[in-house]
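Worksheet for the structure shown next.
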Amino acid sequence: MRELDTSGFSCPEPVIMTKKALKDSPEGLVVIVDNRASKENVTRYATALGYKVDTEEGKGSWKLRILK
Amino acid sequence: MVVNEKGKLAITGVIIGVAAVVLTVLGNPGNMGFCIACFLRDTAGAMHLHTAPIVEYVRPEIIGIILGSFALSVLRGDFRPRGGSSPLLRFIIGFIVMLGALVFLGCPLRMVIRLGGGDLNALIALVGFIAGIGVGCVFLNKGFSLGRAEKQSGLEGVSMPFMTILLFVLFLAVPSLFLFSETGPGSMHAPIAVALLAGLVVGAFAERTRLCMAGGIRDIFLIRDFTLITGFAAIFIAVLLGNIITGSFKLGFSDQPIAHSMHIWNFLGMFAVGLGSVMLGGCPLRQLILAGEGSTDSAVAVLGMIAGAAFAHNFSLAASAGTGPGLNGKIALVIGIVILLAIASVATFRRRGE
Numbered sequence: 001m002r003e004l005d006t007s008g009f010s011c012p013e014p015v016i017m018t019k020k021a022l023k024d025s026p027e028g029l030v031v032i033v034d035n036r037a038s039k040e041n042v043t044r045y046a047t048a049l050g051y052k053v054d055t056e057e058g059k060g061s062w063k064l065r066i067l068k
Numbered sequence: 069m070v071v072n073e074k075g076k077l078a079i080t081g082v083i084i085g086v087a088a089v090v091l092t093v094l095g096n097p098g099n100m101g102f103c104i105a106c107f108l109r110d111t112a113g114a115m116h117l118h119t120a121p122i123v124e125y126v127r128p129e130i131i132g133i134i135l136g137s138f139a140l141s142v143l144r145g146d147f148r149p150r151g152g153s154s155p156l157l158r159f160i161i162g163f164i165v166m167l168g169a170l171v172f173l174g175c176p177l178r179m180v181i182r183l184g185g186g187d188l189n190a191l192i193a194l195v196g197f198i199a200g201i202g203v204g205c206v207f208l209n210k211g212f213s214l215g216r217a218e219k220q221s222g223l224e225g226v227s228m229p230f231m232t233i234l235l236f237v238l239f240l241a242v243p244s245l246f247l248f249s250e251t252g253p254g255s256m257h258a259p260i261a262v263a264l265l266a267g268l269v270v271g272a273f274a275e276r277t278r279l280c281m282a283g284g285i286r287d288i289f290l291i292r293d294f295t296l297i298t299g300f301a302a303i304f305i306a307v308l309l310g311n312i313i314t315g316s317f318k319l320g321f322s323d324q325p326i327a328h329s330m331h332i333w334n335f336l337g338m339f340a341v342g343l344g345s346v347m348l349g350g351c352p353l354r355q356l357i358l359a360g361e362g363s364t365d366s367a368v369a370v371l372g373m374i375a376g377a378a379f380a381h382n383f384s385l386a387a388s389a390g391t392g393p394g395l396n397g398k399i400a401l402v403i404g405i406v407i408l409l410a411i412a413s414v415a416t417f418r419r420r421g422e
């Protein structure tokens, strides 16, 4: 699955990056975020679009599996 | 979960609104219980960075907000020293945001507080603010970015909170170092302990909820998300009710506390603040919170705002209450908006070419 690394970007950029990436791969993708604000914003955005979001907490970052 | 988040934002908004009204009752200037731009400006004056005699005071609210955010983010493990995303550009944008705020006479937070007091000049400013955010969102959608931030050392991350503590200690221990207004808004302030406590509480709640005055409108434009706007609405309602209860609600354009009715300049001032806030990733309040969480990029933006406030008063760019901005201020603001648009265009175009 396509992976999108948003580390170092702060909101709203990770959400916009996710929005664009989902346009290209609507079946889903993995988004890496490195701050809680972005984790919550990307999750909320994907959920609002009807995706399921699996969250895996890493060291100082989160792996969000966004799936239909 | 969404309801939860909105609920927390609503509670935070009510706390800020109540704090603003209470601080005003206890001595802060009218419709200015909590203004980030005004208070950074007063603090700049107290530190001799400008010498406008009516706006000099070390505002404990500012110190409290940074430290409240710092303390809570450390406790919750969210303190992350990071920086290096175009710091100098952020300084310049912060500078221009302050200029816009001082032409309007308030940051986005005070704009809402003024709205809640019945000041219709703030309604014109809100239209400008929304327009600025709208333009910022167009750039964001086209790929605007100030670049990736990198991890920084803990030492770098704690520098801003520690400078804030040092300022507060000096303020308490050697007040003779600072300038304090004897008349005007700078002379009006709530007791230090109450102001500090209000700042700490607001800082902690705003850190937790990521409340941002610009973010709420931005998220509606960008992703049709109405979460962050809840805080904005709650502040307005709390201040409105507070003002009605304390009898200080007064609807109209004229004779509003520390305000002016030059509509075009109220509009353009907040246009600059809206656009600049989107470029920085948050309003002036949010920059203080992020600085407390270890973002040195936001700390640099705050320093830019302080420098902007100093220049605004040293070169007569800030508006005067009642009469509005002078020629210097008008020219400087227009140049500032052009610079913001130029930075936004280049930062968008460059990203596209990558």
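First to last, the protein sequences are chains U and S. All residue numbers for the first sequence refer to the working numbering, where the first residue is 1 and numbers rise by one. All residue numbers for the second sequence refer to the working numbering, where the first residue is 69 and numbers rise by one. Note that CB positions come from ideal geometry on N, CA and C, so glycine has one too. Every value quoted in this text rests on a predicted model; they were computed, and no experiment measured them.
Check whether chain S comes within 8 Å of U:Ile32, counting only Cβ atoms and requiring the distance to be less than that. As a position in the first sequence, residue 32 of chain U is number 32, starting the count at 1. With 8 Å as the cut-off, U:Ile32 does not count as an interface residue toward chain S.
Count the other C-beta atoms from every protein chain shown that fall within 10 angstroms of the C-beta of S:Ala261, then say buried if there are 16 or more, exposed otherwise. The residue given as residue 261 of chain S occupies position 193 in the second sequence. Classification of S:Ala261: exposed, given that the 10 Å Cβ count is below 16.
For my contact list, S:Gly75 and S:Ala87 are in at a C-beta cut-off of 8 Å; report their separation, rounded to the angstrom. As a position in the second sequence, residue 75 of chain S is number 7, starting the count at 1. As a position in the second sequence, residue 87 of chain S is number 19, starting the count at 1. Going by Cβ atoms, the distance from S:Gly75 to S:Ala87 rounds to 19 Å, so no, they are not a contact pair.
Grouping DSSP H, G and I as helix and E and B as strand, with all else coil, what is U:Thr47? Taking the first residue of the first sequence as 1, we reach residue 47 of chain U at position 47. In this structure, U:Thr47 counts as helix in the three-state DSSP scheme.
Determine whether the Cβ of U:Ala48 lies closer than 8 Å to any Cβ atom of chain S. If you number the first sequence from 1, residue 48 of chain U lands on position 48. Cβ-Cβ to chain S under 8 Å: yes for U:Ala48.
Return the Cβ separation of U:Thr47 and U:Val31 in integer angstroms, given the expectation that the two are a contact with Cβ distance under 8 Å. As a working note, residue 47 of chain U is residue 47 in the first sequence. As a working note, residue 31 of chain U is residue 31 in the first sequence. Going by Cβ atoms, the distance from U:Thr47 to U:Val31 rounds to 13 Å, so no, they are not a contact pair.
S:Phe163 and S:Asn334 - do their beta-carbons sit closer together than 8 Å? Walking along the second sequence from the start, residue 334 of chain S turns up at place 266. Walking along the second sequence from the start, residue 163 of chain S turns up at place 95. In this structure, S:Phe163 does not lie closer than 8 Å to S:Asn334 by Cβ.
Leaving out five residues on either side along the sequence, give the residues of the same chain with a beta carbon under 6 Å from the beta carbon of S:Lys318. Position 250 of the second sequence, counted from the first residue, corresponds to residue 318 of chain S. Result list for S:Lys318: Gly186, in chain order.
Under the three-state DSSP convention, the category S:His381 falls into: One-based indexing of the second sequence puts residue 381 of chain S at position 313. Looking at S:His381 - three-state DSSP - the assignment turns out to be helix.
8 Å Cβ cutoff met for S:Gly200 and S:Met338: Walking along the second sequence from the start, residue 200 of chain S turns up at place 132. Walking along the second sequence from the start, residue 338 of chain S turns up at place 270. Their beta carbons are under 8 Å apart, which means S:Gly200 touches S:Met338 by this criterion.
Beta-carbon contacts of U:Ser61 that lie in its chain and below 8 Å, excluding the five residues immediately before and after: Here residue 61 of chain U refers to the residue found at position 61 when the first sequence is read from its first residue. So the qualifying residues of the chain are Ser7, Ile32, Val33, Asp34.
Secondary structure at S:Ala412, three-state DSSP: helix, strand or coil? For this step, residue 412 of chain S is matched to residue 344 along the second sequence. Looking at S:Ala412 - three-state DSSP - the assignment turns out to be helix.
Which one of S:Val237, S:Cys175, S:Gly132 has the shortest CA to CA distance from S:Val269? To locate residue 269 of chain S, count along the second sequence from 1; it is residue 201. Comparing Cα positions, the closest option is S:Gly132.
Helix, strand or coil at S:Thr295 according to DSSP, with G and I counted as helix: Here residue 295 of chain S is taken as the residue at index 227 of the second sequence, counted from 1. Coil at S:Thr295, not helix or strand.
As assigned by DSSP and simplified to three states, the class of U:Asp5: Counting from 1 along the first sequence, the entry for residue 5 of chain U is found at position 5. In the structure shown, U:Asp5 sits in a strand (DSSP, three-state: E or B).
Can you round the beta-carbon distance between S:Val370 and S:Ala359 to whole angstroms, since I take them to be within the 8 Å contact cut? Residue mapping note: residue 370 of chain S aligns to position 302 of the second sequence, counting from 1. Residue mapping note: residue 359 of chain S aligns to position 291 of the second sequence, counting from 1. Correct: roughly 5 Å between the Cβ atoms.
Answer yes or no: do S:Asp293 and U:Arg44 have a C-beta to C-beta separation smaller than 8 Å? Position 225 of the second sequence, counted from the start, is the residue given in the question as residue 293 of chain S. Position 44 of the first sequence, counted from the start, is the residue given in the question as residue 44 of chain U. Yes, they are a contact pair.
What did DSSP end up calling S:Gly390 once you bin it into helix, strand or coil? Within the second sequence, the letter at position 322 stands for residue 390 of chain S. Strand.
What residues from chain S crowd round U:Glu13, counting only those whose CB sits closer than 7 Å? Within the first sequence, numbered from 1, the residue matching residue 13 of chain U stands at position 13. Simply Ser213.
Between the beta-carbon of S:Val165 and the beta-carbon of S:Ser363, is there less than 8 Å? As a working mapping, residue 165 of chain S is identified with position 97 in the second sequence. As a working mapping, residue 363 of chain S is identified with position 295 in the second sequence. It is not a contact, given that the beta carbons lie outside the stated cut-off.
Measuring only between beta-carbons, confirm whether S:Asn72 sits less than 8 Å from chain U. One-based indexing of the second sequence puts residue 72 of chain S at position 4. Cβ-Cβ to chain U under 8 Å: no for S:Asn72.
First and last residue of the beta strand (DSSP E) that includes U:Leu52? Along the first sequence, read from residue 1 onward, the residue named residue 52 of chain U stands at position 52. Per the sequence shown, the amino acid found at residue 52 of chain U is Lys instead of Leu. Where U:Lys52 is concerned, the enclosing beta strand (DSSP E) stretches over 52-57.
Enclosing beta strand (DSSP E) for U:Val31 [first to last residue]: Mapped onto the first sequence, residue 31 of chain U falls at position 31. Where U:Val31 is concerned, the enclosing beta strand (DSSP E) stretches over 28-33.
What residue ranges within the region 135-183 of chain S form continuous alpha helix (DSSP H) runs of no fewer than 4 residues, ordered along the chain? 155-172
Are three or more beta carbon pairs between the region 232-250 of chain S and the region 116-130 of chain S nearer than 8 Å? yes
Suppose the cutoff is 7 Å on Cβ atoms and the five residues either side in sequence are ignored; what does the same chain contact list for S:Gly310 look like? Stepping through the second sequence from its first residue, residue 310 of chain S is reached at position 242. So the list reads Gly85, Val86, Val89, once near-sequence residues are dropped.
With S:Val341 and S:Ala169 assumed to form a contact (beta carbons below 8 Å), what rounded beta-carbon distance in angstroms separates them? The residue given as residue 341 of chain S occupies position 273 in the second sequence. The residue given as residue 169 of chain S occupies position 101 in the second sequence. Confirmed, Cβ separation roughly 5 Å.
So the alpha helix (DSSP H) S:Leu336 belongs to, where does it begin and stop? Start at 1 with the first residue of the second sequence, and residue 336 of chain S comes out as number 268. Note, S:Leu336: alpha helix (DSSP H), 331-348.
Any beta-carbon of chain S closer than 8 Å to the one on U:Arg65? Counting from one through the first sequence, the residue named residue 65 of chain U turns up at place 65. False, the Cβ-Cβ gap to chain S never drops below 8 Å.
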